[in-house]
Structures are given as structure tokens and as C-alpha cells.
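Quick note, in the numbering used here, the sequence shown goes up one by one and the last residue is 361. Glycine included, every Cβ here is placed at the ideal spot set by N, Cα and C. Just below is one structure, and these are the notes that go with it.
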Amino acid sequence: MKTLISNPKELLPETPWLDTAWAWTAEEDLVDHRTKARLCAAALLPFGNGRPDWDGFAASIRWMQATADFYGVELVVVLNADTGYIFDLDDAMYAEVLRRFRAEFPLLKFIAGVTARGAQEDTTFKAERYRPLLDIVQEHDNCEVMLMTSRWLNALGPEPRRDAYYEIAEWLIRPGIVHALEPAFVPWATPYEPWLLWQLALHPKFVGGKVSTLDEPHFLYWAAMCRDLALDFAPHSGDDFGIATAIRLGLPLLIGAAVSGAPLICAAKDMWLTDDAPSKRFKTGTGRFDTRVYKVFEAFQSLEDQVFRLDSKMSAAAYKHSTAHVLHLLGILASPEAHPACKDLRGADEPGRMEDALRRPRRVAQRLGISF
């Protein structure tokens, strides 16, 4: 029988997850019915007539905030990440998004995505490419910084990649969140090895990490390692195909799916808790959790499976356009228009597809009294 690694000191930089005990930990062993973790909702930057729809931007955030407040969920808005078209924004528009958010929501915490700027002609990693956006974000308070991966950062081996993150961290004056991707989002992306995750979790400026996965259960690997080793580092799920897992584990979600399914997701977070959980808002009266939550899980996942469906290139990148259609159909946005520079677009039949996708979530929401 193969001996699995459970002591982080035995990890080598190239050790694969399947050689560790954390890759073989059952989700059932990690279940938590007492913790209502925060919802980090990646805000869509909507457009109309080729220009940002600032009224729609604020309306979609107020919609999410209202349902989060109702169910007692901490909402943290994620700005200028992929859902906010970070790769299509110049620095001036990037800063404008933050300025308008803070003017509209002076007390609400946000997470801002930060990536490499001007690296198109580079042939190796340069940490200073992260500095311009870091400086823009860190002019604000009550925020965190998500260090989004980039091609040359991702190309590094585990040890130089660790060193690169540590170099960027020298400029952090706000809490940092590291970010790993699977190839379903960009073809060159590779998730962290267990050694690299452990090394990043030890850094005092990194309070957590997001792993965006659609194929491999890396979020479970992260959750098992961090809980087993009692690491002061919060794994945030970026798995829009497995939203319920984070709720069941009492861990944060950091997803674009929240902007299309926030009421159902927030309701499920409360329903999953037992009556004695300190943040339980709507008690069952039985001491137990509300088992109807399983149908809520199915309802919002059926929606997000369509929003994030893979195209012929096995990419989910056009989810942003689908999200705009959902918000338009819900009456939150005036137009389902995408960023004018965005090439990841759905077809002319998308309104009908999203209308179909909304039927089941709306039905479940109506039966359970969830405003959706």
C-alpha cells in the first residue's frame, strides 16, 4: 500500500497532490454545519451602447447586498477581476471602477483583482508588472488584494513561483489573496502543487487563496490541507460548477456565479446551519439544519452550469456574457451588452437559453419564499 504524505516537511516542490493524504480526504470528513463563511461576489461590469452602465453596476451590487443582509451573510464585492473585465480595462478605467464603488458603497469591503500590466512582450517574469494596479488599489482602505495569476508567473516552477509571490508581497499594505487557475479558464494555467500552497499559506501577508477549478477537486485538497495543518489561511472556492461544496465545508466562495444566483446562494448558506450555529438567521425549530437546502443546491447549480457552460474550445470564459443576460432578464440591467473589446461572447439564442436556465431556480425560490 502506498504511503501518503501528511507532514508538510516531507513535501518536495514537485510532489503531486495524489501523493498526499489531503487529496484522499472525503468531503464528508470536512462538513461544517456551524460556520456561515463570507460570500465574495465578483461584480459584473455591465455595458450599454459601448459604455459602462454605472447605474446597472450599482444596482447589481445593491441586489446582492440586500439578499446577503436578509440572510445574515457577509458580502465582499470583488472588483476588476475576470467578471469585471480586468484584461480589457486600462488603468484609468480600472481606477474609475474602484472610485465609483467606494463613492456608492463607502462602508462595504471589496477585493480587487491585480495582475501583470505591460507584460505582452516579456520573455520572463517581472514582479514590477504587478505594481501599477497594486498602487491604485492600495489607495483605498477596507479592501483586500487578489494577486491574479499571469502567464509568466504561472510559467515558473514551484520554488521560483513561491519567490515571485513573496517578491510581490513586499509591496502589499493590504491583506493579500493568492489565486490559482485551471486550464478551463486560460489554457496556460496550472494549479498549485501542495508544496507551493503550503509555502504561500505560511506568508503573513497572505490571508487566503482562491482556486478556480472546474475539472479537478483542488478546492477539496486545499480545504483538507489547511484544516489538517491548522493553517491561518482561508481557502476560497472559485469552482462555479461546485458551489455547494464550499457551503457544506463552511468556507468562503469567491465566484462570478454569485452575481446571477446570490439569493439562492445566501439562502442556502443559512439553511445549511444547525439551529445552534451562532449566525443562523432562520431557525428550523428542530435543532437541525433545513434539508430542503439540497434542492436549493440543485437549483442554483442548474443555473450556473448553463451560465458557465463550456464552449467548443472547452472554455467557460463567455460566462460574463451569460451573466449579463441573466441580470437583464431579472430586470437589474438595462442591457445584456458585454465589454466592447470582449471576444468571449454567446450566440443570438442566449436570451432564450438563460430564460430556460432560470425556470427551475425561480420555481424553487418561489416554493421556499426566496426573493429571486
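Ignoring anything shorter than 3 residues or poking outside the stretch 17 to 61, list the beta strand (DSSP E) runs there in chain order. 28 to 31
Can you give the beta carbon distance from L240 to P224, rounded, assuming they're within the 8 Å contact cut? 6 Å
May I ask you to check if the CB of L145 is nearer than 6 Å to at least one heavy atom of the ligand COA? The ligand COA is not among the ligands present in this structure, which contains no ligands whatsoever.
So A169 packs on G198, CB below 8 Å; how close in whole Å? 7 Å
Could you please give the first and the last residue of the uninterrupted beta strand (DSSP E) stretch that includes R244? Here residue 244 is Ile; the residue named in the question, Arg, does not match the sequence. L242 to I244 is the extent of the beta strand (DSSP E) around I244.
Note down, in chain order, each residue of its chain lying with its Cβ closer than 7 Å to the Cβ of L0, except the 5 sequence neighbours on either side. Excluding sequence neighbours, L0 sits near I(-6), P183, W184 and W187.
Looking at the strands, I want to know which residues DSSP matches up with S201. L170
6 Å Cβ shell around G37 - same chain, five flanking residues per side excluded: A323, S324 and E326
With a threshold of 8 Å on Cβ separation, who are the neighbours of D77 within its own chain once the five nearest residues in sequence on each side are excluded? H328, A330 and C331
Mind checking which residues open and close the beta strand (DSSP E) that includes H225? A223 to S226
The alpha helix (DSSP H) enclosing G341, as first and last residue numbers: E339 to L357
Tell me which residue opens and which closes the beta strand (DSSP E) that G102 is part of. F99 to V103
If you draw a straight line from the alpha carbon of P(-3) to that of W13, how long is it in whole angstroms? 15 Å
Close Cβ partners of E339 (< 6 Å) along its chain, the five nearest in sequence each way excluded: H314
Less than 7 Å between the beta carbons of F361 and P252, yes or no? yes
How far does the beta strand (DSSP E) with V66 in it extend, from its first residue to its last? L64 to L68
Buried or exposed: where does D111 fall if 16 or more other Cβ atoms within 10 Å of its Cβ makes it buried? exposed
Locate the beta strand (DSSP E) running through E133, then write down its first and last residues. Secondary structure note for E133: its beta strand (DSSP E) is the uninterrupted segment C132 to L136.
Taking the alpha-carbon positions, what's the A26 to F230 distance? Each residue's alpha carbon lies about 18 Å from the other.
Quick one: any contact between the stretch 129 to 140 and the stretch 156 to 165, if contact means 3 or more CB pairs under 8 Å? yes
Please report the Cβ distance between A257 and V285, rounded to the nearest whole angstrom; I am assuming they are in contact, meaning their Cβ atoms lie under 8 Å. 5 Å
Which stretch, first to last residue, makes up the alpha helix (DSSP H) that contains R106? First-last for R106: undefined, no H or E at that position.
Counting only runs of 4+ residues fully inside the stretch 242 to 283, write out the alpha helix (DSSP H) ranges in chain order. 247 to 260
Between F46, A105 and L122, which has its C-alpha nearest E93's C-alpha? F46
What residues match up with F361 in a beta bridge as DSSP calls it? Paired residues: none, contrary to the question.
Candidates R140, F59, P5 and L7: closest to C255 by CA position: F59
Within the chosen definition, does the stretch 14 to 34 reach the stretch 204 to 213 through at least 3 CB pairs nearer than 8 Å? yes
When we look at the beta-carbon of T56 and count the other beta-carbons within 10 Å, is it buried (16 or more) or exposed? Result: buried.
Quick one, are the C-beta atoms of F114 and W141 less than 7 Å apart? Taking 7 Å as the cut-off, the Cβ atoms of F114 and W141 count as close.
In the DSSP assignment, what are the bridge partners of I(-6)? T9
What residues are listed by DSSP as bridge partners for E326? F36
Give the straight-line distance between the Cα atoms of R40 and L292, rounded to the nearest whole angstrom. 28 Å
Between the C-alpha atoms of P416 and G320, what's the straight-line distance to the nearest angstrom? Nothing about residue 416 can be reported from this structure: the residues present for the chain run from -10 to 361 only.
Identify the residues that DSSP records as bridge partners of F208: which are they? F208 pairs with nothing; no bridge assigned.
Residue span of the alpha helix (DSSP H) that contains A313, given as start and end: Y308 to L318
From T263 to G274, what distance separates their C-alpha atoms? In this structure, the straight-line span from the alpha carbon of T263 to that of G274 is close to 10 Å.
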